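Comments concern the structure below.
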Amino acid sequence: MAVIQLKTSVPGPKSKALAARRDSAVPRGLSHATPVYVARAQDAWLEDVDGNRFLDFAGGIGCINTGHRNAAVLSAIESQLKNFLHTCAQVTPYEEYVRVAERMNRITPGNFAKKTILLNTGAEAVENAVKIARAHTGRAGVIAFEDAFHGRTMLSLALTSKTHPYKAGFAPFPSEIYRIPYGYCYRCSYSLKYPSCDVYCARHLEDTFKRVVASEDVAAVIAEPVLGEGGFVAPPPEFFRIITEICHKHGVLFIADEVQSGFGRTGKMFACEHYGVEPDLIVTAKSLGGGLPLAAVTGRAEIMDAPGPGGLGGTFAGNPLSCAAANAVIDILEKDNLLARANEIGQRFSARAKTWQSQFNLIGEVRGLGAMQALELVKSRDTREPAPEETKKITQYCYEHGLITITAGSYGNVIRVLVPLVITDEQMDEALGILEQAFASVTGLRTPVAEMAAN
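Quick note on the working numbering: the sequence shown kicks off at 350 and runs consecutively.
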């Protein structure tokens with residue numbers, strides 16, 4: 350049975366009425382990818398206030414790997430609700446917080462003693478990771494990458510690369526932040542080709558220490574193992590091994606930002622496992638909380654203990670309900686084989702998308718790890734000129750026909766897949782059919798799926 354059911358045109362009248370109220374009550378800086386106002390959600394689908402049902406390829410921007418309203422997550426939250434909502438872990442601690450920390454210490458990469466602090470958001474966790482790194486090393490500098498996204502607070506914005514809409518008009522930013530190219534082979538900063546390049550972009554870090562900032566002034570290098578907002582770019586297999594070797598040679602910490610790529614999204618619990626690296630600090634959030642706000646910094650015990658008592662914390666950090674949800678999420682990922690499912694989803698998407706690539710010149714590259722998949726759209730495969738307007742048309746066609754998608758990339762020309770890992774094969778095929786129709790509509794080229802939809 351098809352999930353997608355449209356009872357009105359999109360947006361429907363109730364969504365339009367809410368949009369009018371929103372315009373007068375909410376600042377324009379809080380943008381939204383679709384004009385759809387949600388009333389219900391379950392597993393991999395959403396229903397709006399007009400009764401239209403959509404498949405969800407956005408997943409709350411990667412927060413719902415275990416699905417909307419997962420039964421085990423709801424049960425854990427309800428159980429915690431019967432006891433207490435909030436006491437503040439810094440005043441009267443509770444077991445759920447400790448249990449999440451213990452489990453994060455166990456499941457994150459690295460066979461060494463670890464400790465974990467819980468926070469509210471990915472940006473907050475990034476800021477705390479930098480604080481911890483500076484406290485441990487006694488150094489101030491942090492090196493981030495081009496096309497990186499680390500959050501919207503002032504320090505995390507300084508680490509973020511994309512200017513519009515994130516950074517424009519908000520300067521000045523905190524100092525001692527430096528930037529180097531990422532391993533983005535499709536748009537190589539040095540116009541080289543992998544593998545003959547010998548992963549020059551990673552080896553360039555050594556040159557950075559000679560020409561830009563002295564290694565003894567750098568506390569950490571922070572990187573997303575797979576770029577999130579930057580376009581779901583997975584660098585060459587050697588990239589992070591080279592980066593971490595150079596870091597450790599100079600006493601510089603390596604921080605992995607797994608806010609979007611963690612908790613099974615790439616087919617492993619954490620994306621850095623694909624590269625065989627063990628971060629000194631790992632930052633997590635989004636799907637950790639199963640739909641509730643929760644983030645964490647996990648790292649080597651001696652590094653995590655660098656700040657003194659009271660140096661870390663937050664009033665709502667490690668909220669009891671979020672901790673209960675997180676423990677359920679970890680149970681689900683460990684018991685329900687969702688890592689294997691992520692790989693199945695990725696293979697299903699990639700196989701279909703590569704057939705589209707042969708049909709539609711608009712698709713420049715199909716890429717990703719596990720279920721963290723993306724399409725980069727270009728006006729010309731020869732010049733690789735980004736196609737942001739066409740990308741917007743694709744996403745609009747999708748939501749108008751029952752599929753919620755979101756974009757990414759420094760040029761706004763990447764369609765990213767963040768579907769809940771509980772989606773069925775039938776639902777996945779239904780969603781991919783809509784996406785194929787969108788490409789056919791925007792390019793004017795017909796495919797068998799598009800012909801069937803038209804008839």
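Built from N, CA and C at the ideal position, the CB exists for glycine as well. For clarity, every value in this text was computed on a predicted model and none was experimentally measured.
When the beta-carbon positions are compared, LEU508 and ILE426 stay at least 8 Å from each other. Taking a cut-off of 8 Å for Cβ pairs, the stretch 597-617 and the stretch 684-702 touch, as three or more such pairs fall below it.
Between the alpha carbons of THR740 and LYS559 lies a distance of about 40 Å. With 16 or more neighbouring CB atoms inside 10 Å of its own CB, ALA478 falls in the buried class.
Here HIS750 has ILE783 as same chain residues with Cβ atoms under 6 Å from its own Cβ, once five neighbours each way along the sequence are excluded. When the alpha-carbon of ILE413 is set against those of SER424, ILE456, VAL791 and TRP394, the nearest one is in TRP394.
Approximately 14 Å separates the beta-carbon atoms of ALA634 and ALA620; this is outside 8 Å, ruling out the contact. Judged by pairs of C-beta atoms under 8 Å, the stretch 354-365 does not touch the stretch 373-381, as fewer than three such pairs exist.
Here LYS463 is buried. Its C-beta has 16 or more other C-beta atoms within 10 Å. Between LYS511 and PHE498, the C-beta spacing is below 8 Å.
Per DSSP, the continuous alpha helix (DSSP H) segment holding TYR446 begins and ends at 444-456. The beta carbon of GLU607 is closer than 8 Å to those of GLU573, PRO574, PHE619, ALA620, CYS621, ILE631, VAL632 and THR633 in its chain, skipping five residues each way along the sequence. By the Cβ rule, the stretch 661-672 does not count as touching the stretch 722-739, because fewer than three pairs are nearer than 8 Å. In this structure ALA583 does not touch GLY490 by the C-beta definition: roughly 26 Å separates them, more than the 8 Å allowed. For GLU396, same chain residues with a beta-carbon under 6 Å away, outside a window of 5 residues either side, are ALA388, ARG389 and ARG402 in chain order. For TYR746, the enclosing alpha helix (DSSP H) has its first and last residue at 737-749.
Pairing GLU565 with ARG690 gives a Cβ-Cβ distance that is not under 8 Å. DSSP, read as helix, strand or coil, puts ASP392 in strand.
Between the C-alpha atoms of ILE679 and LEU637 there is a straight-line separation of about 8 Å. For THR647 against GLN708, the beta-carbon gap comes to about 44 Å, at or over 8 Å, which does not count as contact. Sorting VAL626, LEU682, ALA650 and SER610 by C-alpha distance to the C-alpha of VAL766 places SER610 at the top. For LYS463, there is no enclosing alpha helix (DSSP H); the residue is found in the beta strand (DSSP E) stretching over 463-468. Contact between the stretch 593-606 and the stretch 428-445 is absent, with fewer than three C-beta pairs closer than 8 Å. Counting along the chain, MET721 sits inside no alpha helix (DSSP H); it lies in the beta strand (DSSP E) bounded by residues 721-729. ILE529 places its beta carbon less than 8 Å from that of PHE494. GLY416: not part of any beta strand (DSSP E); DSSP gives it neither H nor E.
Between GLU578 and ALA420, the beta carbon gap of about 31 Å keeps them out of contact (Cβ cut-off 8 Å).
Assigned with DSSP and collapsed to three states, ASP778 falls in helix. In this structure, LEU781 is the residue among ASP774, TRP705 and LEU781 with its C-alpha nearest to the C-alpha of THR754. According to DSSP, GLN354 shares a beta bridge with ARG402. Close CB contacts of GLN354 within its chain, under the 6 Å cut and outside five residues either way in sequence, are with ARG402 (chain order). ASP606 is bridged by DSSP to VAL632.
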